[in-house]
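Notes to accompany the following structure.
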Amino acid sequence: MNKTKRQKLIIKILADSDTALTCGKLARLSEELFVSRSSISRELDAIIPWLGNYNLQVEKRRNHGISLNGKEFDKRRAIAELFFAKEAHAGSDYARQIPDLSGYQKEMLHTIIPDTDTASVKSFIRALEKKHDSIQTHRDYVTLFLHIALSLHRSKNGCTVGFTETNDFILKAASAGGYREEIDRCFQDKMGYRPKESERDYIFLYVIFSG
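Residue numbers (my numbering): 1214 to 1424.
Pasting the structure below:
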């Protein structure tokens, strides 16, 4: 595994955990990657500025470990950026693909969120498209797919998003057409799951962003 992939894996582990990366976990990680703990520490230092772009801070505490501090919303944004990193240079050929996950994205999804029910998530998105007689661009489809999967996975582990008063105002203004209730029904029908209110609104925002 090269340095770039190691850095992505470290970011993923930090962002996907609500607990510290303890000394014991660091030792096991160094064994799995066949590198020293000092190498992992150097690579962690190299990604700290990148994480700062998402308002995330790395905290190192002696005899405690390493943790990633920041809002849940920003952690998910960082994971999403990793998800799209390789396709960012694919250009128009990527944009013309039939909306679905690429092979790389399927591999990333299996690494980041191994328990994703891909069929249910896809069915949910297709149901929304059919109801509104629309089809999304490839990137919009994959963005929405990823954030639904993240919402399900992270909320099941007790990591839920919160919104500021500004976000609340935007959500209230944008939900006048009853989309929140529609998303609730769609989730219940396609996944047998009723998301928490903040998670439903998080998904609603990405539905709006994706058009």
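Backbone N, C-alpha and C define an ideal beta-carbon position, used for all residues, glycine too. Just so you know, these numbers come straight off a predicted model, no measurement behind them.
With fewer than three CB-CB distances shorter than 8 Å, the region 1343–1358 does not count as touching the region 1272–1280. Taking residue 1322 as reference, the option from 1286, 1366, 1262 and 1285 with the minimal CA-CA separation is 1366.
Residue 1406 is positioned such that its CB atom lies no closer than 7 Å to that of residue 1374. Straight-line measurement puts the Cα of residue 1260 at about 37 Å from the Cα of residue 1341. With a threshold of 16 other beta carbon atoms within 10 Å, residue 1412 meets it and is buried. Just so you know, the alpha carbons of residue 1362 and residue 1395 end up roughly 18 Å apart. The DSSP-derived three-state label of residue 1279 is strand. For residue 1274, the beta-bridge partners assigned by DSSP are 1278. With distances taken between CA atoms, residue 1256 lies nearest to 1217 out of 1280, 1244, 1217 and 1294.
When the beta-carbon positions are compared, residue 1269 and residue 1281 come within less than 7 Å of each other.
Scanning the region 1390–1424 from its first residue to its last, the whole alpha helix (DSSP H) runs of 4-plus residues come out as 1392–1404 and 1410–1422. Going by beta carbons, residue 1267 and residue 1291 fall inside the 7 Å limit.
Beta bridge pairing from DSSP links residue 1234 with 1279. Rounded to whole angstroms, the Cβ separation of residue 1224 and residue 1242 is 13 Å, and the two are not in contact under 8 Å. Pairing residue 1334 with residue 1358 gives a Cβ-Cβ distance under 7 Å.
In this structure, 1384 is the residue among 1316, 1344, 1384 and 1408 with its C-alpha nearest to the C-alpha of residue 1422. In summary, residue 1228 is buried, with 16 or more beta-carbon neighbours lying within 10 Å of its beta-carbon over all protein chains present. Distance from the Cα of residue 1403 is smallest, within the candidate group 1417, 1392 and 1338, for 1338.
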